[in-house]
Amino acid sequence: MARRGGASHARHQFHQGALRILRPIHLDGSGQVCYTVVNPGGAFLGADHYRMDITVEEKASLLLTTQSATKVYRTPQGPATQDVRLVLGPGAVLENIPDQLIIYRDGSYRQTTRVIVHPGASLVSAEVITPGWSPDGERFRYRELRLRTEVRVGDAHASRIFAVDQLRLEPGVDALDRVGQLEGHSHIGQLLVVDRRVDTELVDVVSGLCVQSGLRAGVSSIGITTDDGVRGLVVRSLGHRTEDVVHLHENVTNHVRHLWRGQGPLALRKY
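First residue of the sequence shown? That's 0 in numbering that gives the first Met the number 0, and the numbers climb one at a time after it.
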């Protein structure tokens, strides 16, 4: 992604295999471009492997979303995997707001996300995870979920570790309803914000939004503090409905959009 004439556009794009990209749209007058990733096959299956590689160049702004939920069905041939690489240049903005990830009975899914953020860039990235329907009514019949997110600060040539986040759920090994796991909840939300402007005042505001959401939710500051001043926060939530978790993520995202860029609220028109 590059910025030209006051608006962001794709300098180069390529897709092959199952994933496709819809034509870009501009949802407001900020110059930010919105791209939608589509999986015409409808789901991830056993041993499927997907890869996304996205670079947002200097002062470009990208809102990345999906057309519908990512569904993982039975994976007898082995886990479905996805590798995501995101690179943000100086002054770049990336808002990664996909639809929910739904894992069905006997499904196994592993995702690795690697992000390289320039100290002057801004990142918002969300995940919503839900269990798929099962004939016997049990909520957690999938085999395995692994999400690993690594955030580095620098550029494609030299960078340092800022934060690493790991989520691993194995219903056949651990009872997910117990204390310290999901504690009776079915839906998981994670929202990551990385930006120099993250401060204690913002953390306090986000904490208030978590309380107002009615979810079991909280916010934490993250990252290794160094001279470049990059800071981050992560919002984690547990709930029973996708739309409740999405609403919390939208409220946090809308707050930072307005606070930092004077940009209007998200208008993806999905919920």
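Note that the Cβ used here is the ideal one computed from N, Cα and C, for glycine as well. Since we're looking at a predicted model, the values are computed, not measured.
- Task: From the DSSP output, in three-state form, read off residue 260 for me.
- Result: Here residue 260 is taken as the residue at index 261 of the sequence shown, counted from 1. In the structure shown, residue 260 adopts helical secondary structure according to DSSP, grouped into three states.
- Which first and last residues belong to the beta strand (DSSP E) in which residue 199 is found? To locate residue 199, count along the sequence shown from 1; it is residue 200. In the DSSP assignment, residue 199 falls outside any beta strand (DSSP E) and lies within the alpha helix (DSSP H) extending over 199–212.
- Message: Tell me which residue opens and which closes the beta strand (DSSP E) that residue 52 is part of.
- Response: Within the sequence shown, numbered from 1, the residue matching residue 52 stands at position 53. Residues 48–55.
- Ignore the nearest five residues each way along the sequence and tell me which others in residue 233's own chain have a CB closer than 6 Å to its CB. Your numbering for residue 233 matches position 234 in the sequence shown. Residues of the same chain with a CB within less than 6 Å of the CB of residue 233, apart from the 5 flanking positions on each side, are 191, 219 and 221 in chain order.
- Supposed contact pair residue 82 and residue 50 - C-beta distance, whole angstroms, cut 8 Å: For the purposes of this step, residue 50 is taken as the residue at position 51 of the sequence shown. For the purposes of this step, residue 82 is taken as the residue at position 83 of the sequence shown. Contact between residue 50 and residue 82 holds: CB atoms are separated by about 5 Å, below the 8 Å threshold.
- DSSP state of residue 250, grouped into three classes? Counting from one through the sequence shown, the residue named residue 250 turns up at place 251. DSSP places residue 250 in helix when its eight states are reduced to three.
- Apply the 10 Å Cβ neighbour rule to residue 128 and answer buried if 16 or more other Cβ atoms are within range, or exposed otherwise. Sequence index remark: in the sequence shown, residue 128 carries index 129 (1-based). Here residue 128 is buried, its C-beta having at least 16 other C-beta atoms within 10 Å.
- Message: Going by beta-carbon coordinates alone, are residue 169 and residue 143 separated by less than 7 Å?
- Response: Residue 169 sits at position 170 when you count from the first residue of the sequence shown. Residue 143 sits at position 144 when you count from the first residue of the sequence shown. Cβ distance < 7 Å, so residue 169 and residue 143 count as in contact.
- Query: Can the beta-carbon of residue 184 be found closer than 7 Å to that of residue 146?
  - Reply: To locate residue 184, count along the sequence shown from 1; it is residue 185. To locate residue 146, count along the sequence shown from 1; it is residue 147. Contact flag unset, no.
- Item | Span separating the alpha-carbon of residue 255 from that of residue 68 | In the sequence shown, the residue the question calls residue 255 occupies position 256. In the sequence shown, the residue the question calls residue 68 occupies position 69. For the pair residue 255 and residue 68, the Cα-to-Cα distance works out to about 25 Å.
- Helix, strand or coil at residue 126 according to DSSP, with G and I counted as helix: Residue mapping note: residue 126 aligns to position 127 of the sequence shown, counting from 1. If DSSP states are grouped into helix, strand and coil, residue 126 belongs with the strands.
- 6 Å Cβ shell around residue 123 - same chain, five flanking residues per side excluded: For the purposes of this step, residue 123 is taken as residue 124 along the sequence shown, with counting starting at 1. Excluding positions up to five away in sequence, the list reads 94, 192 and 252.
- Among the residues of its own chain, which have a CB less than 6 Å from the CB of residue 212, if the five just before and after it don't count? Counting from 1 along the sequence shown, the entry for residue 212 is found at position 213. Same-chain partners within the cutoff: 247.
- Boundaries of the beta strand (DSSP E) in which residue 101 is found, first to last residue: The count along the sequence shown starts at 1 and reaches residue 101 at position 102. Segment 100–102, the beta strand (DSSP E) holding residue 101.
- State yes or no: is the C-beta of residue 62 within less than 7 Å of the C-beta of residue 36? To locate residue 62, count along the sequence shown from 1; it is residue 63. To locate residue 36, count along the sequence shown from 1; it is residue 37. It is not a contact, given that the beta carbons lie outside the stated cut-off.
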